[in-house]
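Working notes for the structure below.
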Amino acid sequence: MHFTRRETLAMGAGAALLTVLPFRANAAVDDLIAEFTGGAELADAGVELTAPEIAENGNTVPIEVSAPGATAIMVLAAGNPTPPVATFNFGPLAASQSASTRIRLAGTQDVIAVAQLADGSFARQSKTVKVTIGGCGG
Amino acid sequence: MASGVKPRVKVPGKASAGEAVTIKTLISHPMESGQRKDSSGNTIPRSIINRFTCDFNGENVVDVTMEPAISTNPYFQFEATVPETGDFKFTWYDDDGSVYEETKSVTVA
Chain S
1 MHFTRRETLA MGAGAALLTV LPFRANAAVD DLIAEFTGGA ELADAGVELT
51 APEIAENGNT VPIEVSAPGA TAIMVLAAGN PTPPVATFNF GPLAASQSAS
101 TRIRLAGTQD VIAVAQLADG SFARQSKTVK VTIGGCGG
Chain E
1 MASGVKPRVK VPGKASAGEA VTIKTLISHP MESGQRKDSS GNTIPRSIIN
51 RFTCDFNGEN VVDVTMEPAI STNPYFQFEA TVPETGDFKF TWYDDDGSVY
101 EETKSVTVA
């Protein structure tokens with residue numbers, strides 16, 4: 001196999017781009033969290049995210065979020081083309097600040113839940129979900 | 001345009017005052033994410049339900065903002081307090097402006 005100088009340069013540029021891309025994706029998630037929290041500190045305790053360790057089908061991954069006393073919970077999928085998944089706002093008649101739903105995951109990635117607690121502070125929890133078949137078409 | 005949208009809601013018919021009841025909702029909707037391509041390579045435009053709310057006698061229970069990462073036929077399960085006899089009102093808001101509504105009555109014995 002022979003590579004011309006031009007091809008080698010192109011491959012090098014492609015490889016450099018690939019290593020940079022994951023950092024960009026994380027930056028988008030950080031921006032979204034900062035927008036939700038207003039830049040406040042994130043505690044580890046206070047929000048519970050239940051997600052399967054291995055999801056066979058990325059089109060419907062059952063998840064459950066729960067944060068006692070929370071006013072809002074935001075769910076993000078760090079590895080999706082569009083990271084936001086859903087934001088749950090709980091009203092005065094919510095008996096428990098928990099909800100379950102089904103989400104799409106493009107591939108193996110971290111699912112993040114950020115909750116705004118009753119005292120105005122924020123908590124986050126993330127879970128890694130292994131996805132066998134991605135759920136974003138293609 | 002989403003066709004054949006049909007909301008389905010499961011709420012107990014009776015409850016005691018102040019009881020927490022579990023509510024399950026499902027609405028049939030394709031939830032086109034805007035990421036998929038058709039056979040000729042054109043992107044299929046996004047068409048999803050972007051908001052879901054549940055109210056009891058005008059008081060809010062839950063208000064969910066939805067993004068394309070919610071699965072086809074969005075399903076939600078949550079708990080609500082029933083203080084008195086009344087109606088649960090469920091509302092789904094589609095990207096195309098349609099609003100789907102469903103009402104369920106609960107009797108407090």
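Protein chains in written order, with the numbering used here: chain S, 1 to 138; chain E, 1 to 109.
Even for Gly, the Cβ is constructed at its ideal location relative to N, Cα and C.
Here the structure is a predicted model, which means the values were calculated and not measured.
Looking at the secondary structure, which residues open and close the beta strand (DSSP E) in which residue i lies?
{"i": "E/T98", "result": "The residue you asked about is not Thr; residue 98 of chain E is Ser in the sequence shown. No beta strand (DSSP E) contains E/S98, which DSSP labels as neither H nor E."}
{"i": "S/L57", "result": "For the record, residue 57 of chain S in the displayed sequence is Asn; it is not Leu. It spans I54 to N57 - the beta strand (DSSP E) in which S/N57 sits, taken as one unbroken run."}
{"i": "S/A72", "result": "A72 to A77"}
{"i": "S/V85", "result": "P84 to F90"}
{"i": "S/A67", "result": "Where S/A67 is concerned, there is no enclosing beta strand (DSSP E), given that its DSSP letter is neither H nor E."}
{"i": "S/S100", "result": "A94 to I103"}
{"i": "S/I112", "result": "Q109 to Q116"}
{"i": "E/K10", "result": "K6 to K10"}
{"i": "E/E84", "result": "Unbroken run through E/E84: none, as it is neither H nor E."}
{"i": "S/T152", "result": "Chain S is shown only over 1 to 138; residue 152 of chain S falls outside these bounds and no answer can be derived."}
Checking the sheet assignment: what are the DSSP bridge partners for residue i?
{"i": "E/F51", "result": "Position check: residue 51 of chain E holds Arg in this sequence, whereas Phe was assumed. Partner(s): E/T65 and E/Y93."}
{"i": "S/L42", "result": "S/F122"}
{"i": "E/I23", "result": "E/F78"}
{"i": "E/T72", "result": "Answer by DSSP bridge pairing: none, since E/T72 is not bridged."}
{"i": "E/S28", "result": "E/K6"}
{"i": "E/A15", "result": "E/V108"}
Can you tell me whether residue i is buried or exposed, with buried defined as 16 or more other CB within 10 angstroms of its CB?
{"i": "E/P68", "result": "buried"}
{"i": "S/G39", "result": "exposed"}
{"i": "E/V99", "result": "exposed"}
{"i": "S/L9", "result": "exposed"}
{"i": "E/T25", "result": "buried"}
{"i": "S/P92", "result": "exposed"}
{"i": "S/A123", "result": "buried"}
{"i": "E/M1", "result": "With a pLDDT of 48 at E/M1, under the threshold of 50, the predicted position of this residue should be treated as unreliable, though the coordinate-derived value follows. By the neighbour-count rule (16 or more Cβ atoms within 10 Å), E/M1 is not buried but exposed."}
{"i": "S/M11", "result": "exposed"}
{"i": "S/G138", "result": "Because S/G138 sits at a pLDDT of 48, beneath the cut-off of 50, its placement in the model cannot be relied upon, and the point is left open."}
{"i": "S/P84", "result": "buried"}
{"i": "S/N80", "result": "buried"}
{"i": "S/A70", "result": "buried"}
{"i": "E/G41", "result": "exposed"}
{"i": "E/D55", "result": "buried"}
{"i": "S/R104", "result": "buried"}
{"i": "S/D119", "result": "exposed"}
{"i": "E/S71", "result": "buried"}
Can you check which of these residues, the options, is closest to residue i by C-alpha distance?
{"i": "S/T132", "options": "S/Q125, S/E53, S/T37 and S/P92", "result": "S/E53"}
{"i": "S/S121", "options": "S/D31, S/T4 and S/E41", "result": "S/E41"}
{"i": "E/A80", "options": "E/P74, E/K89 and E/V61", "result": "E/V61"}
{"i": "E/D87", "options": "E/G97, E/T107 and E/Q77", "result": "E/T107"}
{"i": "E/N73", "options": "S/L117, S/T101, S/P81 and S/K127", "result": "S/T101"}
{"i": "S/T87", "options": "S/N26, S/T60, S/G79 and S/Q116", "result": "S/Q116"}
{"i": "E/T53", "options": "E/P7, E/R46 and E/D38", "result": "E/P7"}
{"i": "S/S98", "options": "S/Q125, S/N57, S/A43 and S/A72", "result": "S/A72"}
{"i": "E/E32", "options": "E/F90, E/N50, E/I23 and E/T65", "result": "E/N50"}
{"i": "E/F16", "options": "E/P83, E/N57 and E/S3", "result": "First, the residue type needs correcting, since residue 16 of chain E is Ser and not Phe in the sequence shown. Among E/P83, E/N57 and E/S3, the Cα nearest to that of E/S16 belongs to E/P83."}
{"i": "S/A28", "options": "S/L49, S/D44, S/L76 and S/T60", "result": "S/L76"}
{"i": "S/P68", "options": "S/A94, S/A51 and S/A55", "result": "S/A94"}
{"i": "E/E59", "options": "S/Q125, S/R6, S/S96 and S/F90", "result": "S/F90"}
{"i": "E/W92", "options": "E/P45, E/N57 and E/M66", "result": "E/M66"}
**Q.** Stretch-stretch touch, CB-based, cutoff 8 angstroms, three pairs: the region 5-16 of chain E with the region 64-80 of chain S
**A.** no
Q. Does the region 102-109 of chain S touch the region 26-39 of chain S, meaning 3 or more C-beta pairs lie closer than 8 angstroms?
A. no
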